[in-house]
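Chains W and B, in that order, are what the protein sequence lines are. If you read the first sequence in our numbering, its first letter stands for residue 3, the second for the next number, and so on. If you read the second sequence in our numbering, its first letter stands for residue 82, the second for the next number, and so on. All C-beta atoms, glycine included, are put in the ideal place defined by N, C-alpha and C. Structure first, commentary second.
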Amino acid sequence: MRTYFQPTANLLPVKLTDHYIFRRILQLIPVLLGISIVTFLLIQLMPSDPAAVVLRVANTPATPEAIAAMREKLGLDRPLPIQYLDWLWHVLRLDFGQSFVTGKPVLQEVMHYVPTTLILTACATLLIFALGLPMGIVAALYRDTVFDQVSRLFAYIGVAMPSFWLGFVLMYIFSFKLGWFSVTSRGSIADWILPSITLAWAPAAVYARLLRGSMLESLGQNYVLYARARGLLERLVILQYALKNALLPVVTVFGLSFANLLSGAVIVESVFSLPGLGRFAVQSILNRDYPVVQCYVCLTAVLFVVVNLFVDLTYSYFDPRIRFGKQEV
Amino acid sequence: MRKNFLRALLAIAVAAVIILPSCARPGTQSQTSTDPTLTFSWSQDIGPLNPHMYNPSQMFAQDLIYEPLVSYDRGGEIQPALAESWEVSPDGKLITFQLRQGVQFSDGTPFDAAAAKANFDQVLQNRKEHDWLGLIEAIDRVEAQGDRTLQMYLKTPYYPALQELTLIRPVRFLSPKAFPDSGTTAEGIKAPIGTGPWVLADYQKDAQAVFKRNENYWGSKPAIEQVTVKIIPDGETRVLAFENNEIDLIYGNGEISLDSFKQLRDSGSYTAEVSPPLNTRAIAINSNRGATAELKVRQAIQHSVNKDAIVSAIFYDTEQRADTYFSTEVPYANIGLQPYAYDVDQAKALLDEAGWQQPAGQAIRQKDGQPLTLDLSFSGENNVDRAIAEAIQADLKAVGIDVRLLGEEEQAWSDRQSNGEFNLIFNDTWGPPYEPQAMVSSMRVPSHADYAAQQGLPMKAEIDRKIGEVLLTTEEAPRQQLYRDILTTLHEQAVYLPISYSTNVAVMHKELSGFEFMPQANQVPLSKLSKS
């Protein structure tokens with residue numbers, strides 16, 4: 003008789019349900035649900051009655067009867083939980099309703115602006131790492147040298163300078179005085195350069211200083227000493243041992259300050275006349291275009307959560323103890 | 082080893098600095114080429130350009146594409162436009178228009194009486210939305226007689242009918258082919274197709290819109306072939322783009338700061354113009370709330386604001402001081418009203434009389450232990466209004482009135498206009514051709530600050546009755562008398578604090594010629610410009 007090979011549970015390295023990534027994704031469900039409730043309730047807290055807003059936008063006089071009729075049409079007369087479930091049901095199918103101002107589906111409107119903001123934030127993120135990381139590393143390796151002082155100055159200026167002002171200064175120098183870029187035209191890669199620099203400068207400065215500090219700490223650790231004692235190449239010691247560990251706080255802060263990047267985009271979009279999501283969101287808030295505001299809040303919250311998920315996953319890559327933490331207990 | 086690492090990093094940094102700007106070269110070349118086109122900028126997207134609807138469509142852009150039956154000329158004169166001539170029946174209840182022949186929409190559809198009637202029907206179907214405008218209410222029906230004759234039947238005589246037909250919206254003409262398949266234009270249009278001098282050729286929402294000259298235009302065609310409207314929300318960016326030769330013309334009110342205007346004007350490198358007065362920057366004083374319910378307090382406020390200082394410090398004399406709610410250039414408003422002079426002593430005397438005493442050693446007056454505190458509401462986004470509000474706060478403090486500034490977002494400010502929760506609120510007039518008839522007509526509707534501010538007047542019912550009457554008068558003399566009564570009462574009751582008559586400013590490069598200001602505040606004179 004041939005016996006078939008029976009796989010047993012302990013042959014799999016980790017059960018699927020124990021897998022770190024799986025657990026993290028599972029944890030997102032209550033978070034997203036919470037976001038949806040807050041987003042929904044947010045509108046209830048806003049000072050203007052949505053029905054009155056629709057009437058104002060349509061230029062219809064807001065008489066009590068008209069408001070009552072509009073409340074019924076919008077379904078605002080139903081109990082709150084019903085309204086929420088109805089709204090959630092639509093949102094799950096990516097239906098955020100129609101804009102009060104334009105009457106078009108909200109998602110379609112929002113998607114018109116998403117690419118601009120995504121490109122802008124992506125370029126800025128790239129710049130942050132391309133400028134901030136080398137600067138932090140070099141500042142740590144050549145501590146208290148001229149370069150360190152210059153990078154400190156760069157950091158102070160970056161943090162202290164409001165981005166709208168920085169935007170104008172850059173525009174004045176590079177567009178107006180030097181003529182390298184145009185102030186208004188868009189459609190070419192060049193148009194993203196000044197806005198990305200404006201958006202990236204302050205975070206890059208912060209990350210450079212942060213990395214410098216944690217690099218210095220990491221360079222003083224025993225594992226670095228041990229690596230050097232083993233006679234490893236200095237480059238390998240710095241990149242593989244010191245830097246990999248020093249990056250952890252930078253990654254953490256990036257996850258948390260991602261929202262800052264998005265909100266910074268609002269000002270940058272306005273200064274550089276980019277048709278981005280931030281500007282559209284602010285305009286919608288001022289117009290009290292509630293469906294758009296809800297969609298924007300949901301999108302950014304989800305984006306924020308997803309970015310932080312990636313941060314956590316990156317974390318577990320840098321520090322395997324986090325990934326396997328549970329099993330060791 | 083360390084050295085190598087550092088070198089590598091430096092190389093990356095240097096490469097970045099060199100490569101990034103070189104990406105930019107292609108972009109800069111297109112901007113230096115010279116073609117007979119003009120670039121204009123605006124702070125907001127032009128919108129869907131539905132001629133029968135309002136925001137977010139921008140009026141100047143609607144005016145480029147669509148035309149009225151009759152047009153408004155300086156001083157209130159009515160000129161032929163799509164209608165060549167018109168005739169008003171003796172009882173004032175029927176207006177017969179003879180339409181211009183050979184006019185086409187830009188899609189080739191002929192503009193005839195049937196097309197005009199179809200447009201009117203769309204607007205009338207939607208009466209509720211246009212209810213601020215007396216004309217729409219007054220129209221009973223519109224009928225087409227043959228190809229060229231359009232008859233407009235009114236329910237009651239309405240003397241400003243022709244004036245209100247000149248408005249940029251809601252009565253202008255869209256090609257019937259661009260009507261939506263389902264329902265009415267109130268729900269959207271297929272495309273912005275009109276008879277006007279310009280055609281929308283390209284549109285990228287919130288980025289730019291390109292208007293091409295309508296080659297089949299019946300009137301005098303624009304000298305410029307194409308106008309690109311760039312959407313630039315920030316005023317300082319606009320100035321930089323202008324100085325960098327990327328835009329040819331800055332036009333409007335509040336599109337750039339007056340500091341920038343002054344700087345551009347004083348540089349001498351550009352042409353800078355200030356328009357004649359357009360409308361009144363004014364503050365409505367609530368006669369139905371708190372201390373301002375008292376006439377003497379309202380009068381005291383009139384005497385304590387130093388308008389000349391505001392005009393010179395905030396407007397650099399680009400605007401004129403306003404003494405009355407409507408400028409004397411407005412039809413029927415030149416009735417010799419006595420201005421309230423800037424007189425701090427008289428203001429103090431009035432407040433004393435009203436029982437608001439200044440306790441020794443205190444800056445703020447009191448009555449029955451209550452301080453004299455007033456709320457002044459304005460839109461926080463409007464920097465000019467903010468500056469005026471601060472000046473008023475300082476002026477009123479000097480006579481013992483404490484002013485609380487409520488700079489809120491625009492919606493909250495407009496909520497206050499309709500619910501009356503203010504003592505003082507910014508409330509500009511609408512300018513020609515809305516003045517005075519549409520403006521006084523709206524004073525009867527609760528959704529405006531005017532209504533809320535006048536609510537506490539003992540003769541409010543009387544004012545409303547006279548407003549209703551003046552719009553129905555068919556004869557000149559009683560109409561003038563009624564306006565005289567209404568405007569005099571409002572002036573004497575001190576419910577409006579006029580500050581200045583606002584203006585449009587224009588700055589352009591010297592190669593532009595043919596510039597002149599338009600009779601309506603919201604028109605931009607793009608059609609008359611040429612570029613050498």
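- A distance of 9 Å or more separates the beta carbons of B:P129 and B:I274.
- The closest CA to that of B:R181, considering only B:R208, B:D172 and B:L150, is found on B:L150.
- Taking a C-beta cut-off of 8 Å against chain B, the contacting residues of the segment 99 to 125 of chain W are V103, T104, G105, H114 and Y115, listed in chain order.
- Contact between B:F323 and B:V605 is ruled out by a C-beta separation of about 15 Å, above the 8 Å threshold.
- W:R145 has a beta carbon lying at 9 Å or more from every beta carbon in chain B.
- Taking the C-beta atoms as reference points, B:L607 is found nearer than 9 Å to B:L330.
- A residue is called buried when at least 16 other Cβ atoms come within 10 angstroms of its Cβ; W:I84 does not meet this threshold and is exposed.
- Check the Cα spacing between B:G333 and each of B:Q601, B:A267, B:K591 and B:N585: the tightest is with B:N585.
- For the 9 Å CB-CB criterion, W:F98 and W:V55 do not form a contact.
- Between W:L90 and W:G105, the alpha-carbon positions lie close to 20 Å from each other.
- Near chain B, meaning a CB-to-CB distance below 9 Å, the residues of the segment 278 to 300 of chain W are G278, R281, F282, Q285, I287, L288, N289 and R290.
- With a minimum length of 4 residues, the unbroken runs of alpha helix (DSSP H) contained wholly in the segment 281 to 345 of chain B fall at 316 to 324.
- Taking a cut-off of 8 Å for Cβ pairs, the segment 307 to 323 of chain W and the segment 115 to 123 of chain W do not touch, as fewer than three such pairs fall below it.
- Per DSSP, the unbroken beta strand (DSSP E) holding B:E165 starts and ends at A164 to V169.
- Here the segment 170 to 188 of chain B does not lie against the segment 306 to 323 of chain B, with fewer than 3 beta-carbon pairs under 8 Å apart.
- Looking at the backbone, the Cα of B:I305 and that of B:M599 are separated by about 17 Å.
- According to DSSP, B:A353 shares a beta bridge with B:V588.
- Per DSSP, reduced to three states, the secondary structure at B:W213 is coil, with no helix or strand assignment.
- The beta carbons of B:G461 and B:E434 sit no closer together than 9 Å.
- In the structure shown, B:T373 falls within a helical segment according to DSSP collapsed to helix, strand and coil.
- For B:M233, the enclosing beta strand (DSSP E) begins and ends at T230 to L235.
- Looking at the DSSP output, W:P107 sits in a beta bridge with W:Q100.
- From the listed residues B:F192, B:L175 and B:I482, the smallest Cα separation to B:N297 is found for B:F192.
- Straight across, the Cα-Cα distance linking B:N131 with B:R250 is about 9 Å.
- W:S50 belongs to the set of residues whose beta carbon lies under 9 Å from a beta carbon in chain B.
- Separation of W:Y209 and W:A244 (C-alpha to C-alpha, rounded to the nearest whole angstrom) is 16 Å.
- For B:V484, the beta-bridge partners assigned by DSSP are B:L455.
- Linking B:N295 to B:E268 through their CA atoms gives a straight-line distance of about 26 Å.
- Annotation for W:N262: no beta strand (DSSP E) segment contains it, though the alpha helix (DSSP H) segment containing it runs K246 to V273.
- Assigned with DSSP and collapsed to three states, B:V392 falls in helix.
- Burial is judged here by how many other beta carbons sit within 10 angstroms of a residue's own beta carbon; W:G278 has at least 16 and is buried.
- Along the segment 173 to 186 of chain W, going in chain order, the ones with a CB nearer than 7 Å to a CB of chain B are M173, Y174, S177, F178, G181, W182, F183, S184, V185 and T186.
- W:F170 has a beta carbon lying within less than 9 Å of a beta carbon in chain B.
- Around the CB of B:N500, fewer than 16 other CB atoms lie within 10 Å, so the residue is classed as exposed.
- The DSSP-derived three-state label of B:L607 is coil.
- With its beta carbon less than 9 Å from one in chain B, W:S272 belongs to the interface.
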